[in-house]
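One structure is given here, and the rest of the page talks about it.
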Amino acid sequence: MRVPRGCAAFGIVDGKIYVIGGYNKADSLDNWVEVFDLEKQTWESFSGLCNEELSKITLKSVVMNKKIYIMDRGNGIVFDPKKGVWERDFLLDRDWVVGSCVIDNMLYTFGFDGVKRVYRVRVYDPSVRVWSFVKGIEDIPKMDGTLGSRMANHGGKLVILLNLDKSGRTELWCIKVALERRGQQGEIWGKILWSNLVLTLENSSTIVECFDITI
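Quick note on the numbering used here: the sequence shown kicks off at 1041 and runs consecutively.
Pasting the structure below:
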């Protein structure tokens, strides 16, 4: 890359790696977006949405339907590499939190159900721009807080790593959930396949990142 970056957004679309932001506006905006072509093994760069709209610190970025969705400290931004178009998504701002993942072009994250007064799994469908709760898993064990917890796509299954603070100690729970669409409305339902306590620490901790790795 031409510019050193930290906490940049990134996404892979059509064989190209897009790296977005991650440095101060004082630096050259001509390199705001850098693209690496995996086939040609070459870099190119171009200007992008400036820092008034997009912070230099990206908290999360994902790819859905060949678009790059970016969460920073104040904005939900969508970049379409094919059209070169940037858009704000205010619905994305409302409920997207860091602990999230994408499965079948749907964004899964944690959300608080104000009616039932519990934390649940929330899903965002970018094709219709609608948030909803995943049904069938309302009673996830120990789902009484999600700070520092993360999610991952494990072969199409949703894996939830719950990071629970227990009076200064940390309990790490792993929950594996199968997902399916039901009905004419395409509601997302889940079924808990496995849930267990996998690690206990004697001090407070948090999960920084969660990756699914195939060996």
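Don't be surprised by glycine CBs; every beta carbon is placed ideally from N, CA and C.
Asked, Found
"When 1224, 1124, 1171 are compared against residue 1130, the one with the closest alpha-carbon", "1171"
"Delimiting residues of the alpha helix (DSSP H) encompassing residue 1042", "Counting along the chain, residue 1042 falls outside any alpha helix (DSSP H), and DSSP gives it neither H nor E."
"heavy atom of the ligand SAM below 7 Å from residue 1100 C-beta", "Questions concerning the ligand SAM fall outside what the structure shown contains, since it holds no ligand whatsoever."
"Distance CB(residue 1199)-CB(residue 1216) smaller than 8 Å", "yes"
"Chain C contact for residue 1164 (CB, 8 Å cutoff)", "Of the protein chains in this structure there is only one, and it is not chain C."
"Beta-carbon spacing of residue 1192, residue 1141 below 8 Å", "yes"
"Between the CA atoms of residue 1099 and residue 1242 - distance to the nearest angstrom", "28 Å"
"Of the listed residues 1144, 1153, 1077, nearest to residue 1166 (C-alpha basis)", "1144"
"Of the listed residues 1205, 1075, 1138, 1224, nearest to residue 1250 (C-alpha basis)", "1138"
"Pick from 1111, 1149, 1042, 1101 that is closest to residue 1085, judged by C-alpha positions", "1042"
"Start-to-end residues for the beta strand (DSSP E) that takes in residue 1119", "1116 to 1120"
"Helix, strand or coil at residue 1236 [DSSP, three-state]", "strand"
"Contact check, residue 1088 vs residue 1052, beta carbons under 8 Å", "no"
"Cα-Cα separation, residue 1103 to residue 1157", "31 Å"
"Beta-carbon contacts of residue 1195 that lie in its chain and below 8 Å, excluding the five residues immediately before and after", "1252"
"Beta-ladder partner(s) of residue 1172, from DSSP", "1163"
"Where residue 1157 falls: helix, strand or coil (DSSP)", "coil"
"Helix, strand or coil at residue 1203 according to DSSP, with G and I counted as helix", "strand"
"Start and end residues, alpha helix (DSSP H) containing residue 1251", "Element bounds for residue 1251: n/a, residue is neither H nor E."
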